[in-house]
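Undergrad:
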Amino acid sequence: MNKTMIFGATQLGVDSHPVTIETQIIGSTKRFVIIGLPDSILRESRDRVRCAIENSGFSFPNREVIVSLAPAALQKRGAGFDLPIALSVLAACGYFSMPSLESYLAFGELKLDGTVKDLSGSLATALLSNQLGKKFLVSEDYFSRHPNFFEGLNLLPVRNLSDTVEYFKTGEINHLRPIKNTKSVPTVASPDFSDVVGQSSAKRVMEIAAAGGHNVLFIGPPGAGKSMIAERLNSLLPPLSLGEEVEVMKIRESVGIRVEGEVSRPFRAPHHTISYAGLIGGGKFPKAGEISLAHRGVLFLDELPEFGKNVLETLRQPLEKKEVLVSRAAAQLCFPADFTLVAAMNPCPCGKLGLRPDSSELGNASCNCLPTEIKRYTGRISGPLLDRMDVYLWLQPVPVKSLRMSNLQDNDSTEGMKHRVSLAIDTQKSRFGKESSRNSTMSSKCVSKYCKLESADRTFFETEANRLEMSTRGYLRTLKLARTIADLEQVEAIGTEHLAEAIRYRRPDVIFNS
């Protein structure tokens, strides 16, 4: 009896895992069976494959067709098995040489007319096929949208089922269209810091955060510009490298986000009603959450105390490890989560605590919140989570008189800030030898090596650290922050002025008592 084998893939988390697809035609009973823990989408593949085969000019066997997916204990999910199953059935019917299939990995959904559809997850599967040393069959439409990602990979872009069979018979596809890049998607202009009037301290903090990858917490009344400033952080960062683009695209595709054109740095701003699984990742078959979708970019949490406390506490491990482990009965998966956290909050439930007199023109500046209400409000953010923030900054609203048209000219534009940030990032690349390494991720060993202090500077820093009762984590984070400040000034040695500025940003006691 005819039996064939080809490779396919199923996606778990952001990565694809190999699946061996064996097909055998036996007996005389007309039946089409797929075994090996297929999900509902894959079970429906039987009808798609049958129609695609017959509409492509081939005959579907009038006998019992058994398709086995191995390993049997691994849940198989998605429509990406349509193409390898169809090829396996056609090979078993004798339409082309069977042994040739074993060196291929195929991934694609079939339309009823046999066309191979563009399918999310193709990039992760292409990388898997390269690791396995297989030639990859991928949708021509998908390849034409992202040809740069596949450079150096052994793959064959296919348009439809009949073309693919022709390739296995003759070794070439006569109707393969020339691959052209999809028309570039118009680039949306990034918001510029020149739009932000005043708030020089906040702009300085954004420079430091962009240069060193440091986490920031803004505290201030409504209308101070916290969200507006946070949304501009990505504009200071360099474009993603090709390797980073692949990482970001794999994550987006794993949750079904279609990527068009250039892959930009992510900026994720989930609402405070988000669930634990929505932020961290999860589900029966775990999917990436917002912190992974923010990988290589920015995660902005506005109205921080309004998030569920159990949701916020789950951030503690990802902020340290730059990854998150999600354990479920079906699988235990590790998702990347290397992001910069920018959070914003009001100082009290009404938001008016600490308003200075010259801001009274923005409204009633008096806070009517009871001390117990303020303490309960700010207490929703735990000490351990606060300790993982690098910068705390109080923002006052800009007085109305400063918003006159004559005052809207600001020399502190994104272009000038980005230049300083780029120089600091280049310094860190040279220092660590890795393109994506930042000062914020330095190990204790690296801190000892790259954050050396002169005797007088060390005495000053240790005195301040003792006075502020810094934790070990806080001590190290302040040194890393000072290292970034020195890098922005393009100086090798960390001086007292750099330490003093870093210490000023690491004062949550002052911020929450303002």
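Numbering follows numbering that gives the first Met the number 0, with no gaps: position 103 of the sequence shown is 102.
Glycine is no exception: its CB is placed at the ideal position from the N, C-alpha and C atoms.
Just so it is clear, the structure is predicted and the values come from calculations on it, not from any experiment.
1) Take every Cβ of the stretch 80 to 91, pair it with every Cβ of the stretch 107 to 116, and state whether three or more of those distances are shorter than 8 Å.
2) Put P37 into one of helix, strand or coil per three-state DSSP.
3) Considering D14, what are the terminal residues of the beta strand (DSSP E) in which it resides?
4) Spell out a yes or no on whether the stretch 43 to 55 and the stretch 3 to 22 are touching, meaning 3 or more CB-CB pairs, one atom from each, closer than 8 Å.
5) Taking the alpha-carbon of E246 as reference, which of F338, K451 and G93 has the nearest alpha-carbon?
6) Contact check, L68 vs I25 under 8 Å by CB: the rounded distance?
7) Label T377 either buried or exposed according to how many other C-beta atoms from any shown protein chain fall within 10 Å of its C-beta, with 16 as the threshold for buried.
8) In whole angstroms, give me the CA-to-CA distance for E139 and S326.
9) Work out the CA separation of E252 and G288 for me, nearest whole Å.
10) Any idea what DSSP makes of A499, helix, strand or coil?
11) State the Cα-Cα distance for the pair S193 and V157, rounded to the nearest angstrom.
12) Count the other CB atoms, across all protein chains shown, that sit within 10 Å of the CB of V32; report buried if there are 16 or more and exposed otherwise.
13) Assuming L292 contacts I250 under a Cβ cut-off of 8 Å, what Cβ separation, rounded to an integer in Å, is found between them?
14) Going by DSSP, name the residue or residues bridged to Q331.
15) Alpha carbon to alpha carbon, how far is T426 from I502? Give it in angstroms, no decimals.
16) Mapping DSSP to helix, strand and coil, what is A108?
17) List the DSSP bridge partners of T3.
18) Could you tell me whether the Cβ atoms of I520 and K451 are closer together than 9 Å?
19) Return the first residue and the last residue of the alpha helix (DSSP H) that P317 is part of.
20) Do A223 and P17 count as a contact pair if the criterion is CB distance below 9 Å?
21) Just verifying my parser: in three-state terms, what is the DSSP assignment at P70?
22) Under DSSP, the alpha helix (DSSP H) around L127 begins and ends at which residues?
23) Leaving out five residues before and five after G93 in sequence, what residues of the same chain have Cβ atoms less than 8 Å from its Cβ?
24) What is the rounded straight-line gap between the Cα of K149 and the Cα of G7?
25) Quick check on DSSP: helix, strand or coil for N345?
26) What do you reckon, are the CB atoms on L467 and N438 nearer than 9 Å?
27) So what does DSSP say about I65, is it helix, strand or coil?
28) For N309, is the classification buried or exposed, using 16 other Cβ atoms within 10 angstroms of its Cβ as the cut-off for buried?
29) Opposite K75 in the DSSP bridges: which residues?
30) Assuming V588 and L232 make a contact with CB atoms under 8 Å, what is their CB distance in whole Å?
31) Distance, Cα to Cα, R505 vs A464?
32) Looking at A90 and L100, is the spacing between their C-beta atoms short of 9 Å?
33) For S436, does the three-state DSSP call read helix, strand or coil?
34) How would you write the range of the beta strand (DSSP E) that I218 sits in, first residue to last?
35) Whole angstroms is fine: what's the gap from V323's alpha carbon to R62's?
36) Helix or strand or just coil, what does DSSP make of G280?
TA: On the basis of the coordinates in this document:
1) yes
2) Looking up residue 37 in the sequence shown gives position 38. Reduced to three states, the DSSP call for P37 is strand.
3) In the sequence shown, counting from the first residue as 1, residue 14 sits at position 15. It spans D14 to I25 - the beta strand (DSSP E) in which D14 sits, taken as one unbroken run.
4) no
5) For the purposes of this step, residue 246 is taken as the residue at position 247 of the sequence shown. Closest option to E246, Cα to Cα, is F338.
6) Position 69 of the sequence shown holds residue 68. Position 26 of the sequence shown holds residue 25. Between I25 and L68 the Cβ distance is about 17 Å, and since that is not below 8 Å, they are no contact.
7) On the sequence shown, position 378 is the one that residue 377 refers to. Answer is buried; the Cβ neighbour count reaches 16.
8) For the purposes of this step, residue 139 is identified with residue 140 of the sequence shown, where counting begins at 1. For the purposes of this step, residue 326 is identified with residue 327 of the sequence shown, where counting begins at 1. Rounded to whole angstroms, E139 to S326 spans 36 Å at the Cα level.
9) In the sequence shown, counting from the first residue as 1, residue 288 sits at position 289. In the sequence shown, counting from the first residue as 1, residue 252 sits at position 253. C-alpha separation (whole angstroms): 13 Å.
10) Taking the sequence shown and counting its residues from 1, one reaches residue 499 at position 500. The answer is helix: DSSP assigns A499 an H, G or I state.
11) What you label residue 193 is simply residue 194 of the sequence shown in a count that begins at 1. What you label residue 157 is simply residue 158 of the sequence shown in a count that begins at 1. Approximately 48 Å between the Cα atoms of the pair.
12) Here residue 32 is taken as the residue at index 33 of the sequence shown, counted from 1. The residue is exposed, with fewer than 16 neighbouring Cβ atoms inside 10 Å.
13) For this step, residue 292 is matched to residue 293 along the sequence shown. For this step, residue 250 is matched to residue 251 along the sequence shown. At roughly 6 Å, the Cβ-Cβ gap stays under 8 Å, so L292 and I250 are in contact.
14) Stepping through the sequence shown from its first residue, residue 331 is reached at position 332. Paired residues: S326.
15) Residue numbering aside, residue 502 sits at position 503 when the sequence shown is read from its first letter. Residue numbering aside, residue 426 sits at position 427 when the sequence shown is read from its first letter. Here the C-alpha atom of I502 lies approximately 23 Å from the C-alpha atom of T426.
16) Here residue 108 refers to the residue found at position 109 when the sequence shown is read from its first residue. It should be pointed out that residue 108 corresponds to Glu in this sequence rather than to Ala. It is a strand residue.
17) Taking the first residue of the sequence shown as position 1, residue 3 is located at position 4. T3 is bridged to T22.
18) Given a span of 0 to 513 for the chain in the structure shown, any question on residue 520 remains unanswerable.
19) Start at 1 with the first residue of the sequence shown, and residue 317 comes out as number 318. Counting along the chain, the alpha helix (DSSP H) containing P317 begins and ends at R315 to K320.
20) Taking the first residue of the sequence shown as 1, we reach residue 17 at position 18. Taking the first residue of the sequence shown as 1, we reach residue 223 at position 224. Against a cut-off of 9 Å, the Cβ pair of A223 and P17 comes out as no contact.
21) Locating residue 70 in the sequence shown gives position 71, where the first residue counts as 1. DSSP places P70 in coil when its eight states are reduced to three.
22) Translated into the one-based positions of the sequence shown, residue 127 becomes position 128. From DSSP, the alpha helix (DSSP H) with L127 extends over S121 to L131.
23) On the sequence shown, position 94 is the one that residue 93 refers to. So the list reads N1, once near-sequence residues are dropped.
24) Start at 1 with the first residue of the sequence shown, and residue 149 comes out as number 150. Start at 1 with the first residue of the sequence shown, and residue 7 comes out as number 8. Note on identity: in this sequence residue 149 is Phe, with Lys being the wrong assignment. Each residue's alpha carbon lies about 18 Å from the other.
25) For this step, residue 345 is matched to residue 346 along the sequence shown. Of the three classes helix, strand and coil, the one that applies to N345 here is coil, per DSSP.
26) To locate residue 467, count along the sequence shown from 1; it is residue 468. To locate residue 438, count along the sequence shown from 1; it is residue 439. For the 9 Å CB-CB criterion, L467 and N438 do not form a contact.
27) Translated into positions along the sequence shown, residue 65 becomes position 66. Here I65 sits in strand by DSSP.
28) To locate residue 309, count along the sequence shown from 1; it is residue 310. Exposed, by the Cβ-count rule.
29) For the purposes of this step, residue 75 is taken as the residue at position 76 of the sequence shown. Paired residues: P37.
30) Since the first residue shown for the chain is 0 and the last is 513, residue 588 is missing from the structure and cannot be characterised.
31) Sequence index remark: in the sequence shown, residue 505 carries index 506 (1-based). Sequence index remark: in the sequence shown, residue 464 carries index 465 (1-based). So the two alpha carbons sit approximately 10 Å from each other.
32) Within the sequence shown, numbered from 1, the residue matching residue 100 stands at position 101. Within the sequence shown, numbered from 1, the residue matching residue 90 stands at position 91. Yes.
33) If you number the sequence shown from 1, residue 436 lands on position 437. Of the three classes helix, strand and coil, the one that applies to S436 here is coil, per DSSP.
34) For the purposes of this step, residue 218 is identified with residue 219 of the sequence shown, where counting begins at 1. Looking at the DSSP string, the run of the beta strand (DSSP E) that includes I218 is V215 to I218.
35) In the sequence shown, the residue the question calls residue 323 occupies position 324. In the sequence shown, the residue the question calls residue 62 occupies position 63. Taken atom to atom, the span from the alpha-carbon of V323 to that of R62 is near 48 Å.
36) Within the sequence shown, residue 280 is the residue found at index 281, counting from 1. Here G280 sits in strand by DSSP.
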